[in-house]
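The structure under discussion appears below in the form of structure tokens.
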């Protein structure tokens, strides 16, 4: 059974078709990487799974998107969906609030009032995102006082606090230095035991390092979806081969 | 522990297992000969398939680590060394199988006195000793231990060196047993090759640990002189 | 080649000195003005100047009623203009669809902010004083001033909200927040510094306004402190205006003292605005 699935998915920005008949199934507790040149539709597809494309005025979606066999666009409301599917963005975007307020944001907007429970969830999330040791004494300092890598891990902790089962990551390390990137990658590697992770990345080595399966997109089409080991040693499609060896794109 | 570290640890364990397997093959092939045990010889021949399968798997693992995890510096040398050691071990496995086959061809009926004179037991013990040293040198990153096998290898070389004359003399005296003697000589040759592969492994261990290339070193020194 | 470099250097220096001269010119004019006023008025300021009612005798005249009138006028103005202005700004930036009508409104609001204040006075006179029959009361004055500063507040609010990065809204929506939760918990708090700065600047503009109040009929001589929104009133600028029209030297000194008070209040408000802005930018560095 798939955790996330797209069936005959098309997406249009006005007249421009950004996704062309995508069929993909993502297994639970795995890391799936979306790679491809800029404008290939990988971010767009990612954002279909938590309906972030709804925020774009002229975007139109066709086909079925499923999470646990539930139709994302028909059988569940957007807010409920986004609580179950956490998202981490390209640029670290903590709110200009304290670390505690950042991580507890998702719980508060869900109406959780119990202070003890909120506190437990915050600590738990910070531990899961491997940040607890670094911020233990400074929960009430501004999240903006942290380094870029720490800020990104705050964002991951914030996403984990509402206990989602899926984590979508849109180039989560592209704005970070190599050491912070390595930390985020290790974090993703440990998180996959509990979460289904889909990550969009420009960095092919990153996809190779952390993912179980890799999907290669080109001009809105899904060219190849394979086990990462196979993809990076002997891909089926010539386009994939050319892209991952750096011969185009 | 990072993903790469985990994979490297796993790779190291796999290769150590491979080394142990090959060691046991070597040991069994000699025991089959010494104890005239044809079942044991057959077991060695049968197990060779498994050694080959493990070799292929370690090759694949190394390939994946190179393709997916981009090891650099020490890590990269480690994977390179593992790849080469893997090939060496596979060759040693082949020799073990060859010894078992030759033993069967010789109908496990060798002249005990000749065996003793050729110091086959000493040869086997030394080779096994070197195998153990080089295995723990690899698993424990112990270059001192790795270096110790170079001197031990001279024992094998010496035995091999004298074996030709011993066998020739034996053949003159026992023309009816020339076949047996030649089989034994082949076995000694194989043992000697085993020693060479073990020193190669030691060189690889030193290479990944100290980034120093030892192979072909002697030739270079000779040229300088 | 050498000549060319020399020429470029010459132009560079000339421009630098020209800009410096212009700056000094402005500074000198300002200093002269402030010196002139302070040397005349500063000594006149004492306790009774603040507590005395206006009077025919210059020595006994004070700014009590003017200050009280101005204070209550500003409070009522803020109460009216602030919620409407901020909410309009939030609506236009966060909820309004981005179409031609929206840009039409945007241009018009920007234009309104630049309309001469006396026009607002005429509008207030017709709308509040005559049609709504409020007379020349505090309420009519406050409503007129509200009209005057509302475009400023709207523009400031919009700018402040525009400066909140989209990534913050995305993060909030991504957590499953609704539009209202995102706006009230993330967007507005993040923009609060900018909004506050805009409001204070708008208020400090309202303080200095005389023309629209004169047009709607604020009195130049009010011997009592207003007690309700329907009372007649005067303000400090009008009081100053009144004193400067008197022939006696002593009233001119009174006017200078009034100007000193007015200037100090304006400086104070602007100072607060700058302080808040700096603090906010430090907090919101993205």
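Chains as they are written, first to last, in the working numbering: chain R, 282 to 530; chain H, 271 to 495; chain G, 77 to 362.
Note that beta-carbon positions come from the ideal geometry of N, C-alpha and C, so glycine has one too.
All of these numbers come straight from a predicted model, not from anything done at the bench.
With 7 Å as the C-beta to C-beta threshold (strictly closer), list the residues of the region 469–484 of chain R near chain H in chain order.
-> Within the region 469–484 of chain R, the qualifying residues are 470.
For residue 341 (chain R), which beta-bridge partners are listed by DSSP?
-> For residue 341 (chain R), which the question treats as bridged, DSSP gives the partners R:293.
Is the Cβ of residue 489 (chain R) closer than 8 Å to any Cβ of chain H?
-> At least one chain H Cβ lies under 8 Å of residue 489 (chain R).
Starting from the C-beta of residue 234 (chain G), find all residues in its chain whose C-beta is less than 7 Å away, skip the five residues before and the five after it, and write them out in chain order.
-> Contacts found: 165, 168, 169.
Straight-line gap, residue 433 (chain H) to residue 312 (chain H) (C-alpha atoms, nearest Å) = Those two C-alpha atoms are separated by around 27 Å.
In DSSP terms, what residue 81 (chain G) is bridged to = Looking at the DSSP assignment, residue 81 (chain G) forms no beta bridge with any residue, so it has no partner.
Own chain residues within Cβ distance below 6 Å of residue 406 (chain R), not counting five before or after | Cβ neighbours of residue 406 (chain R) beyond the five flanking positions: 384, 438, 441, 442.
So is residue 491 (chain H) buried or exposed if we call it buried at 16+ other beta carbons inside 10 Å?
-> Because the pLDDT at residue 491 (chain H) is just 42, under 50, the model does not fix this residue reliably, and the point stays unresolved.
Top-ranked residue by Cα proximity to residue 134 (chain G), from G:348, G:319, G:294 | For residue 134 (chain G), the closest alpha carbon among the candidates G:348, G:319, G:294 is that of G:319.
Would you call the region 459–476 of chain R and the region 388–399 of chain R in contact, with 3 or more CB pairs under 8 Å?
-> Taking a cut-off of 8 Å for Cβ pairs, the region 459–476 of chain R and the region 388–399 of chain R do not touch, as fewer than three such pairs fall below it.
For the beta strand (DSSP E) holding residue 315 (chain R), just list the boundary residues, first then last.
-> Taken as a continuous stretch (DSSP letters only), the beta strand (DSSP E) holding residue 315 (chain R) covers 312–316.
Residues within the region 178–195 of chain G neighbouring chain R, beta-carbon criterion of under 8 Å = So the list is empty, because no residue satisfies the distance condition.
Verify whether the separation of the beta carbon atoms of residue 447 (chain R) and residue 323 (chain R) is less than 8 Å.
-> Cβ atoms of residue 447 (chain R) and residue 323 (chain R): not closer than 8 Å.
Whole angstroms is fine: what's the gap from residue 202 (chain G)'s alpha carbon to residue 121 (chain G)'s?
-> Answer to the nearest angstrom: the Cα atoms are 38 Å apart.
From residue 364 (chain H) to residue 317 (chain H), what distance separates their C-alpha atoms?
-> Rounded to whole angstroms, residue 364 (chain H) to residue 317 (chain H) spans 10 Å at the Cα level.
Below 6 Å CB to CB, which residues in the same chain sit around residue 230 (chain G) once its five sequence neighbours on both sides are set aside?
-> Within its own chain, the residues whose Cβ lies closer than 6 Å to the Cβ of residue 230 (chain G), once the five positions on either side in sequence are excluded, are 161, 164, 165, 185, listed in chain order.
For the beta strand (DSSP E) holding residue 451 (chain R), just list the boundary residues, first then last.
-> Residue 451 (chain R) -> beta strand (DSSP E) spans 447–451.
C-alpha distance - residue 325 (chain H) paired with residue 288 (chain H), whole-angstrom precision | If you take the alpha carbons of residue 325 (chain H) and residue 288 (chain H), they lie about 8 Å apart.
So the beta strand (DSSP E) residue 250 (chain G) belongs to, where does it begin and stop?
-> The continuous stretches of beta strand (DSSP E) do not include residue 250 (chain G), which lies in the alpha helix (DSSP H) extending over residues 242–250.
Give the interface partners of residue 364 (chain R) over in chain G, defined as CB-CB distance under 9 Å, in chain order.
-> Against chain G, a Cβ distance below 9 Å from residue 364 (chain R) picks out 251, 252.
Output the distance between the C-alpha atoms of residue 487 (chain R) and residue 253 (chain G), rounded to the nearest integer angstrom.
-> Each residue's alpha carbon lies about 31 Å from the other.
Residue-chain proximity (residue 337 (chain H), chain R), Cβ-Cβ < 8 Å = Cβ-Cβ to chain R under 8 Å: yes for residue 337 (chain H).
What separation, rounded to the nearest whole angstrom, lies between the Cα atoms of residue 321 (chain H) and residue 471 (chain H)?
-> Here the C-alpha atom of residue 321 (chain H) lies approximately 17 Å from the C-alpha atom of residue 471 (chain H).
One or two residues paired with residue 506 (chain R) in a DSSP bridge | R:496, per the DSSP bridge assignment.
Comparing the C-beta of residue 257 (chain G) with each C-beta of chain R, is any distance below 8 Å?
-> For residue 257 (chain G), the answer is yes, since a Cβ of chain R falls inside 8 Å of its Cβ.
For residue 352 (chain G), return the contacting residues in chain R, with the cut-off set at a CB-CB distance below 7 Å.
-> In chain order: nothing, as chain R lies at least about 15 Å away.
Verify the CB distance criterion: does residue 334 (chain H) have a CB-CB separation below 8 Å to chain R?
-> Chain R, which has a Cβ nearer than 8 Å to the Cβ of residue 334 (chain H), makes this yes.
Coil, strand or helix - residue 350 (chain R) by DSSP | Correct three-state label for residue 350 (chain R): coil.
Residues of its chain near residue 297 (chain R), where Cβ-Cβ distance is below 8 Å and the 5 sequence neighbours each way are ignored = Excluding sequence neighbours, residue 297 (chain R) sits near nothing in its chain.
Ignore the nearest five residues each way along the sequence and tell me which others in residue 278 (chain G)'s own chain have a CB closer than 6 Å to its CB.
-> Apart from the 5 residues on each side of it in sequence, residue 278 (chain G) sits with its Cβ closer than 6 Å to the Cβ of 225, 228, 229 in its chain, given in chain order.
Going along the chain, which residues of the region 388–408 of chain R sit with their C-beta nearer than 9 Å to a C-beta in chain G?
-> Residues passing the 9 Å Cβ filter: 389, 390, 391.
Using a C-beta cutoff of 8 Å, does residue 486 (chain R) count as contacting chain H?
-> Using a CB distance cut-off of 8 Å, residue 486 (chain R) counts as an interface residue toward chain H.
Does DSSP put residue 479 (chain R) in a helix, in a strand, or in coil?
-> DSSP, reduced to helix, strand and coil, places residue 479 (chain R) within a strand of the structure shown.
So with Cβ pairs under 8 Å, would you call residue 356 (chain H) a contact of chain R?
-> So, not an interface residue.
Buried or exposed: residue 356 (chain G), going by 16 or more other Cβ atoms within 10 Å of its Cβ?
-> Counting the other Cβ atoms within 10 Å of the Cβ of residue 356 (chain G) gives 16 or more, which makes it buried.
Nearest-angstrom beta carbon gap, residue 457 (chain R) and residue 429 (chain R) [assumed within contact, 8 Å] = Correct: roughly 5 Å between the Cβ atoms.
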